[in-house]
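Take the sequence shown: its position 245, counting from 1, is numbered 244 in numbering that gives the first Met the number 0, and each next residue is one higher.
Each residue gets a CB set at the ideal place from its N, CA and C atoms; glycine is no exception.
Note that the structure is predicted; figures quoted are calculated from it, not measured.
Beneath this line is the structure, given in structure tokens, with notes to follow.
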Amino acid sequence: MRKHLLLPLFSALALAAQAEVKLPAILGDHMVLQQKQANPIWGWDRPGTKVTVTFGPQTKTGVADAQGKWTVKLDPLPASAKPAVMNIRGTNEVKLSNILVGEVWICSGQSNMQWSVSQSYDADLEIATAKFPQIRLISVPQVGTQEPQDDFKGAWAECSPANVGEFSAVGFFFGRTLHQTLDVPVGLIDNAWGGSAAEAWVRRDVLEKDGRFSQLLADWAKREKDLASEAAAKAYATALEAWKKRAAEAKAAKKEFRERAPQSPQQQLSGNHRPANIYNGVLRPTIGYGIKGAIWYQGESNSGRAYEYGYLFPLMIQHWRDEWKQGDFPFYWVQLADYMAEKPEPGDSAWAELRESQTKTQNAIKNGGQAVIIDIGEGRDIHPRNKRDVADRLVRWALAKDYGLKIPYRSPEYQSVEIQGNKAVVTLDTFGSSLYTFDVQEVKGLAICGEDKKWVWATGKLVGTNKIEVSAPSVAKPVAVRYAWSDNPVCNLFSKEGLPVTPFRTDSFELTTKPKQ
0 MRKHLLLPLF SALALAAQAE VKLPAILGDH MVLQQKQANP IWGWDRPGTK VTVTFGPQTK
60 TGVADAQGKW TVKLDPLPAS AKPAVMNIRG TNEVKLSNIL VGEVWICSGQ SNMQWSVSQS
120 YDADLEIATA KFPQIRLISV PQVGTQEPQD DFKGAWAECS PANVGEFSAV GFFFGRTLHQ
180 TLDVPVGLID NAWGGSAAEA WVRRDVLEKD GRFSQLLADW AKREKDLASE AAAKAYATAL
240 EAWKKRAAEA KAAKKEFRER APQSPQQQLS GNHRPANIYN GVLRPTIGYG IKGAIWYQGE
300 SNSGRAYEYG YLFPLMIQHW RDEWKQGDFP FYWVQLADYM AEKPEPGDSA WAELRESQTK
360 TQNAIKNGGQ AVIIDIGEGR DIHPRNKRDV ADRLVRWALA KDYGLKIPYR SPEYQSVEIQ
420 GNKAVVTLDT FGSSLYTFDV QEVKGLAICG EDKKWVWATG KLVGTNKIEV SAPSVAKPVA
480 VRYAWSDNPV CNLFSKEGLP VTPFRTDSFE LTTKPKQ
């Protein structure tokens, strides 16, 4: 009896001995705090412990709750490139050093955002010249789980030739231009995961409350049940043994063997497509950290469900903003590049439909914008290596909308169409610019159709600064026009500053990716 009474006492003493201030990885040495806004600082300690945070002249106090978590908020700070120290005192004292104050951006999406500096054009020059101690980098590991995570393994570091090579190229080039233009420190949080689907970045209950995702979730519920079954385990074991045999045979024959090993059921359950997996394992541990905004490069994995993306993507953005509790922070994204084989005839395209969903998101949310890169892609590779131009088109949005620079930032977009006999006159919104055709005077990439909805290539010529006259000999009575409407279009229309015209269609024909009822 006495022994059992002593056990709780020993447990309490053990917990007390282990209690100490613990900080999440996102808060650490070398970090950048967001200027001109309140910055949450949080961590864990023994429940009921008073925790004091001191940074410069500020001292803030909080108390660890029943789960041991505490949070304080620093008052808004001006930008500062002078390294500073933060002291956190609770059960023990923690000192964070070399902290700067400036601009902080999340760099997110799938492989094209994850694509590193070392894999991009001019990597040798970019790495050799990356001596920017006022740019700070942190990367979040890829953890897919249905269990909400509070932390991750990682640390802030000063940008240097030694570490920039493996960092997001788009993120780095974006941040470097901000730093050089604004002359303030910049913090970049890279949490991109190659191949990820948008639904994996959203909390599961958010999707469940929206009836538009009922089929998506039902499909996943069935898949989860199947993957957890004994039959799935046996099928994987059989497939793995067969793969090993083929690998051994290739080795014995001294032949190259590139076939990937089959994925285990657990790998699929912890992967980057399962709804909420990335939200829980990657995004959640960073939520609340003071940021200016986010840049996003994703969509390839959702292209087969482009119609759904039209409401999934805006929901995801709003979900992030609701979670962060920083209002409608800026969110800028990259439209899908040109990719795959060039088609000899015009027609439908899932990639074009996804681009349209991305374009429409600009009207569905506040403080959002799209970088068009329909001229940068590579037909044979889903990963364009020219990441500097991608970043430049993103950073134009930020510099113009968030930092007050008077520069062009938005690609021309479709505005209206007027049918004039056998011609269609399309008017574009050029946002104060004018149109320019690259390489040749004729506008390339146009298709036109009549009431039969049979698309043919069309001839286009510029009329004035923002109109295109479109026609084709075989279409006497046109009803609709499309521009750059294919996976990998051949197109040449830009603003005079070199921003490509946004792919568009004037019709409202039903999308091929719309689910059949």
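Assumed close pair residue i, residue j - CB separation to whole angstroms, cut-off 8 Å
i    : j    : result
S494 : Y413 : Going by Cβ atoms, the distance from S494 to Y413 rounds to 14 Å, so no, they are not a contact pair.
R236 : P264 : What sits at residue 236 in the sequence shown is Ala, not Arg. The pair is not a contact, with the Cβ atoms about 10 Å apart (cut-off 8 Å).
D401 : P329 : 5 Å
L181 : N162 : With a Cβ gap of about 22 Å, L181 and N162 do not count as contacting.
V469 : V480 : 5 Å
S348 : W192 : Between W192 and S348 the Cβ distance is about 26 Å, and since that is not below 8 Å, they are no contact.
T176 : D391 : 7 Å
G67  : P39  : With a Cβ gap of about 17 Å, G67 and P39 do not count as contacting.
P82  : L99  : 7 Å
S300 : A399 : Their Cβ separation, rounded to whole angstroms, is 30 Å, which puts S300 and A399 out of contact at 8 Å.
L498 : P407 : 6 Å
W396 : G368 : 4 Å
G283 : Q148 : The sequence given here places Arg at residue 283; Gly does not occur at that position. That belief holds up - the Cβ atoms of R283 and Q148 are roughly 6 Å apart, short of 8 Å.
One or two residues paired with residue i in a DSSP bridge
i    : result
M557 : Any answer about residue 557 is impossible in this case: the structure gives the chain only from 0 up to 516.
P499 : F493
E468 : V424 and K460
I105 : I188 and A293
N38  : L73
W43  : K21 and K68
Cα-Cα separation, residue i to residue j
i    : j    : result
A127 : W114 : 18 Å
E417 : T429 : 17 Å
L510 : V371 : 21 Å
S356 : D44  : 45 Å
K342 : A457 : 15 Å
K2   : R222 : The predicted model places K2 with a pLDDT of 44, which falls under 50 and marks its position as unreliable, so this point remains unresolved.
K466 : L445 : 13 Å
E157 : L268 : 35 Å
Q33  : R354 : 32 Å
A475 : T505 : 17 Å
F503 : P132 : 42 Å
H178 : I25  : 21 Å
T501 : N362 : 14 Å
V169 : P514 : 33 Å
G403 : G298 : 29 Å
E352 : T53  : 51 Å
P160 : L124 : 10 Å
F508 : G449 : 12 Å
P345 : R202 : 39 Å
K519 : V205 : The structure shown does not extend to residue 519, since the chain spans only 0 to 516, so no value can be given for it.
P75  : S213 : 42 Å
Residue i versus the options, residue with shortest Cα-Cα distance
i    : options                   : result
V93  : C490, Q133, V50 and G108  : V50
K59  : W41, G47, P46 and A65     : W41
A199 : W69, E229, K359 and Q141  : Q141
V103 : G289, Q66, Q36 and K243   : G289
L393 : V201, K254 and F173       : F173
I286 : E19, T70, G164 and A18    : T70
W454 : D438, V478, W319 and G431 : V478
R409 : S167, E322 and G431       : G431
L22  : G89, T358 and S213        : G89
V139 : Q266, N279 and S79        : N279
S79  : G186, S167 and V62        : G186
V333 : D225, K254, I373 and I87  : I373
Any chain B beta carbon closer than 9 Å to residue i
i    : result
S228 : Of the chains in the structure shown, none is chain B; there is only one protein chain.
Report task. Could you say if the segment 293-303 and the segment 101-117 meet the contact criterion of at least three C-beta pairs nearer than 8 Å? Result -> Taking a cut-off of 8 Å on C-beta distances, the segment 293-303 touches the segment 101-117, as three or more cross pairs fall below it.
Query - Any 3 or more C-beta pairs closer than 8 Å across the segment 473-491 and the segment 318-338 - result: Under the Cβ criterion (8 Å, minimum of three pairs), the segment 473-491 counts as touching the segment 318-338.
Query raised in the report: Any chance the segment 378-386 sits against the segment 114-125, with 3 or more Cβ pairs inside 8 Å?
Result: Verdict: yes, contact present.
Report task. Could you tell me whether the segment 23-33 touches the segment 146-154, using the rule of 3 or more Cβ pairs below 8 Å? Result -> Flag = yes, the segment 23-33 and the segment 146-154 touch.
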